[in-house]
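Down below is the structure, laid out as structure tokens.
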Amino acid sequence: MSERDQKTSRGRAGTTRLARAALIPHRAAPPRVLSQAPARPMTTQPQLNLLLGATRELDLTRSNDFVRALLRRLAEDPEPIFRATVSGLPRTRRSLATIGLITHFMVRDHIDAGHLSVDEAYLIFLCIVFVLVIDDHMDTVLDPAVTPVEEVEGYTRRLLHACRAEGSPGDADPIIRIIQEIGARLRRYPAYDAYRGVYLQALASMLDGMIQEYRHRDPHAVNLDHYMTYASHSVGITLGLTASLILLGDRALVAHIDRLWVVYEIVAAIIRFANDIRSYERELAEGKFSSFQLAAKKYGIALDEVNFNQHDIIRIIRAMMVAEVYDLKDALQYLHSAGARFEAIIINAVLGVVSLYEIADFHTLRLEDP
């Protein structure tokens with residue numbers, strides 16, 4: 053990522069924090085000490101449903117016809133780079149059915165109402181697949197002991213340049229070709245030009261977050277606030293959400309991009325907290341760290357005592373996450389998309405992913421056929 057892009061990405065996080073303060077003047081504060089954690093509902097899906105005004109719940113036990121249709125489309129896609137790349141990444145390959153389930157939950161109401169087509173749902177599915185592909189590449193293919201961070205930065209600069217150039221997909225690197233092909237398909241929709249900057253910024257922020265995670269391996273050198281400025285965006289949810297906005301064809305938010313980024317920042321923080329609660333044991337085993345260790349450090353628990361205080365640390369993170377959910381509920385009132393369709397996709401994305409992380413993650417969930 054270029055110096056200019058890095059400044060833009062870091063500046064975006066700072067700008068959204070200021071915007072959120074103006075937008076939500078009564079933001080709930082996280083607990084200052086362990087004994088002051090708010091006695092609110094935590095993070096189970098029915099409680100999130102109530103907080104966000106949703107009625108549907110996600111069945112995380114079985115696949116469905118729509119998921120199978122998405123997987124068939126992937127297998128039969130005329131661009132073979134998707135299935136060829138996924139086949140070489142076992143973790144991503146195991147995640148495909150779960151990605152399909154989350155995609156369906158995000159957009160099924162709009163498909164039923166005719167606001168989105170199955171083809172458009174498949175394109176959202178591909179965006180989420182890309183996030184898992186690049187995350188898998190960073191986690192399982194690259195090794196910080198072998199591949200220096202400068203080389204990874206050069207790779208992401210090349211990827212971003214290929215996306216900004218918007219030429220015909222033709223890069224030899226399969227991951228770059230995937231995101232080029234996704235971009236080429238999104239550009240066929242009239243609203244792409246309106247949200248091109250948001251889409252590219254979402255991609256840049258995600259990649260920058262992944263680079264920072266790759267760079268920082270010592271929890272003593274990073275605090276929780278710094279970690280959340282980059283790690284929340286590395287989850288990549290804003291890429292799929294922006295694709296959804298483009299496909300809806302709703303230009304109402306063009307005049308409110310700052311409000312959109314406020315919502316994106318909150319959503320990304322919620323997903324990051326949920327992810328870290330689910331994955332902290334694996335991260336510890338892999339020599340990494342997350343908000344789990346950093347929340348412990350922030351609230352006075354020594355890093356060598358983390359394993360003895362897991363319940364208290366999870367309670368802290370869940371309290372912070374629920375505070376973000378309250379912020380999201382407030383912030384969504386300021387978006388005003390056409391028919392509140394985009395807000396519905398955001399709510400379903402949060403409900404779906406948080407519900408998933410309550411019991412598994414993308415690559416460990418096992419779905420039964422009905």
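Under our numbering, the letters of the sequence shown match residues 53 to 422, in that order.
From the three backbone atoms N, C-alpha and C, an ideal C-beta is built for every residue, glycine too.
Spatial distance of residue i from residue j (CA atoms)
i       : j       : result
Arg-22  : Gly-404 : Within the shown structure, residues of the chain are numbered from 53 to 422, placing residue 22 beyond reach of any answer.
Ala-321 : Glu-420 : 30 Å
Gln-99  : Phe-325 : 16 Å
Ser-286 : Gly-292 : 13 Å
Leu-355 : Asp-277 : 17 Å
Tyr-174 : Ala-197 : 37 Å
Leu-168 : Ala-383 : 24 Å
Asp-164 : Met-158 : 12 Å
Arg-425 : Ala-348 : The displayed coordinates of the chain run from 53 to 422. Any statement about residue 425 would go beyond what the structure contains.
Ala-136 : Ala-236 : 19 Å
Asp-260 : Thr-281 : 10 Å
For residue i, the three-state DSSP class (helix, strand or coil)
i       : result
Arg-418 : coil
Thr-67  : Residue confidence for Thr-67 is low, a pLDDT of 42 falling below 50, so the modelled location carries little weight; the figure read from the coordinates is stated next. Looking at Thr-67 - three-state DSSP - the assignment turns out to be helix.
Arg-229 : helix
Arg-239 : coil
Arg-6   : Since the first residue of the chain shown is 53 and the last is 422, residue 6 is not available in this structure.
Arg-334 : helix
Contacts around residue i, its chain only, beta-carbon distance under 8 Å, and the 5 residues preceding and following it disregarded
i       : result
Met-190 : Val-204, Met-262, Glu-265 and Tyr-266
Arg-303 : Ala-243 and Ala-246
Sequence-distant residues of the same chain with beta carbon closer than 7 Å to residue i, five excluded per side
i       : result
Cys-119 : Inspection of the sequence shows that residue 119 is occupied by Val rather than by Cys. For Val-119, where only same-chain residues beyond five positions count, the Cβ hits under 7 Å are Ala-149, Gly-152, Leu-153 and His-156.
Met-450 : Residue 450 falls outside the range modelled here, since the chain spans only 53 to 422, and no answer is possible.
His-388 : Ala-304
Glu-395 : Leu-384, Leu-387 and Ser-389
Tyr-279 : Ser-343 and Leu-346
Within-8 Å CB hit, residue i to chain B
i       : result
Ala-412 : The structure shown contains no chain B; it is built from a single protein chain.
Proximal residues to residue i (C-beta, below 6 Å), its chain only, five neighbours per side dropped
i       : result
Val-7   : Lying outside 53 to 422, the shown extent of the chain, residue 7 is not represented and no answer is given.
Ser-147 : Leu-184, Phe-414 and His-415
Ala-390 : Asp-302 and Ala-304
Ala-498 : Residue 498 is absent from the structure shown; the chain starts at 53 and stops at 422.
C-beta atoms of residue i and residue j nearer than 8 Å
i       : j       : result
Ile-298 : Leu-238 : yes
Ser-257 : Thr-208 : no
Arg-367 : His-162 : no
Tyr-386 : Arg-330 : no
Gly-301 : Tyr-241 : yes
Pro-271 : Leu-336 : no
Glu-233 : Glu-128 : no
Val-170 : Ala-121 : yes
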